[in-house]
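Taking it in order: structure first as structure tokens, then the write-up.
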Amino acid sequence: MATQLFVPNFRVDECLEGIRECLEKGWTGLGFKTVEMEEAWKTYTGLPHAHFLSSNTVGLHLAFHMMKTKYGWGDDAEVITTPLTFVSTNHAIIQAELTPVFADVDQYLCLDPVDVERKITDKTKAIIFVGLGGNVGQYEKVLKLCKDRDIKVVLDAAHMAGTRVDGKHVGHDADVTVFSFQAVKNLATADSGMICFRDKEDDERARKLAWLGINKDTFARTASQGAYKWKYDVEELGFKYHGNSIMAAIGLVSLKYLDRDNAYRRQLADWYLEALEGETLIEPVLVSPGCESSRHLFQVRVAKRDEVLMAMNEHEIYPGVHYRDNTEYRLYNSGAGKCPAAHKASNELISLPMHMGVTKNDVEFIVETLKKVVRTGL
Ligand SMILES: Cc1ncc(COP(=O)(O)O)c(C=O)c1O
1 MATQLFVPNF RVDECLEGIR ECLEKGWTGL GFKTVEMEEA WKTYTGLPHA HFLSSNTVGL
61 HLAFHMMKTK YGWGDDAEVI TTPLTFVSTN HAIIQAELTP VFADVDQYLC LDPVDVERKI
121 TDKTKAIIFV GLGGNVGQYE KVLKLCKDRD IKVVLDAAHM AGTRVDGKHV GHDADVTVFS
181 FQAVKNLATA DSGMICFRDK EDDERARKLA WLGINKDTFA RTASQGAYKW KYDVEELGFK
241 YHGNSIMAAI GLVSLKYLDR DNAYRRQLAD WYLEALEGET LIEPVLVSPG CESSRHLFQV
301 RVAKRDEVLM AMNEHEIYPG VHYRDNTEYR LYNSGAGKCP AAHKASNELI SLPMHMGVTK
361 NDVEFIVETL KKVVRTGL
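Each residue of the sequence shown is one higher than the one before, starting from 1 at the first, in the numbering used here.
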């Protein structure tokens, strides 16, 4: 188990207690625990708004859909994005009928502000920044480029639960930040996420849109007394994207342990870095200065990556790859060849096992094996 890439560490009894509460109350859907989870997340991050959703993927789509309709962007509106991400990031742009424009990544594997600036046109309406592995990279510089030009900022914080910069949780300065609480993320449930808008009106609209556009406000008071519950309004076409109380019950337990777990992840990263010191054939991906990363990932770069991975598997070590350059996929092929740094990284990256079950001995064993594999030329 220790040498698997990700193994969630659910506090089973506490989770079952929370789930039991939902079942006994007869309330497993939206409301009750989802509200508790939203409040707990706001307290933890200091973010002003938070709406609990069924995943980060739906949150990203909701974010782009909302901005497009709010600002009246046309289908030719461009969103600058990274090719080095999970496809949810880029699917969301296409799903909202906007045009993804790929910019290259830097040494942190996050958007490179220099290339972002090159890719900005009159049609650029938004940028989506992915904090890969929990790293903030050069987010501040990208943010400034956007602020100076009134370009909207979406932060795909799928890996960033618990990432802080100068003691402050990430997400405060983006127009919208979307977290993932999927099964192998730092704050694990089974599938869920959180959308955090900066503006109150956006948060209010998101709550309606994530529940099919239903607005209960008009009849809220009467409905709370039992009558006219059915008499809601539907203002615009929405989606069924909201989260449920069972996921929230698990999330509330995971949140309690998030800082402790992330501290251990950072310890694991330090052990990896220590074990790799002086090694020239294995290059660790570093965290940008000032960033206290959630350390969702610990990534290294090697030559002949695919062969290295196969050889590691033979030693019963099962690393992963985050991510394949999205422009290699047929859907995003028109962007191919425009982001050489991302393309190179995509062929070299390995994510080493990173979870609560990995010990210092495991780290040493994994690194020794990796060194042997890269040295013996496989
Ligand atoms: C960078 C990134 N964005 C978005 C997502 C989608 O998250 P979810 O599984 O909660 O939809 C993931 C999940 O792996 C991810 O890694």
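Just so you know, even glycine gets a beta-carbon here, dropped at the ideal spot from N, CA and C.
By the neighbour-count criterion, in which 16 or more other beta carbons inside 10 Å mark a residue as buried, Met160 falls on the buried side.
Around the CB of Pro319, 16 or more other CB atoms lie within 10 Å, so the residue is classed as buried. Here DSSP, grouped into helix, strand and coil, assigns Met194 to strand. By alpha-carbon distance to His322, the top candidate from Val285, Met356, Leu60 is Val285. One thing to note: Val142 has its Cβ no nearer than 8 angstroms to the Cβ of Pro100.
According to the DSSP assignment, Ala96 belongs to no beta strand (DSSP E), since it is labelled neither H nor E.
At least one heavy atom of ligand 1 is found less than 7 angstroms from the C-beta of Asn56. Its chain contains Thr327 as the residues whose beta carbon lies nearer than 7 angstroms to that of Asn333, once the 5 sequence neighbours on both sides are disregarded; these appear in chain order. Ranking Met356, Lys216, Leu60, Leu309 by CA distance to the CA of Arg260 puts Met356 first.
Ile350 sits in a strand when the DSSP states are folded into three classes. In the displayed model, Asn333 falls within a helix according to three-state DSSP. By the neighbour-count criterion, in which a residue is buried when 16 or more other Cβ atoms sit within 10 angstroms of its Cβ, Leu237 is exposed.
Looking at the backbone, the Cα of Lys360 and that of Arg266 are separated by about 12 angstroms.
Annotation: Arg118 to Asp106 spans about 14 angstroms, alpha carbon to alpha carbon.
Not a single heavy atom of ligand 1 lies less than 7 angstroms from the C-beta of Ala345. The DSSP assignment places complete beta strand (DSSP E) segments of no fewer than 3 residues inside the region 80 to 149 at 99 to 102, 124 to 130, in order along the chain. If only complete runs of 4 or more residues are kept, the region 23 to 70 shows the alpha helix (DSSP H) at 33 to 45, in order along the chain. For Ala263, the enclosing alpha helix (DSSP H) stretches over residues 245 to 276.
The region 15 to 26 makes contact with the region 242 to 252; the number of CB pairs closer than 8 angstroms reaches 3 or more.
DSSP places Arg164 in the strand class (E or B) of the three-state scheme.
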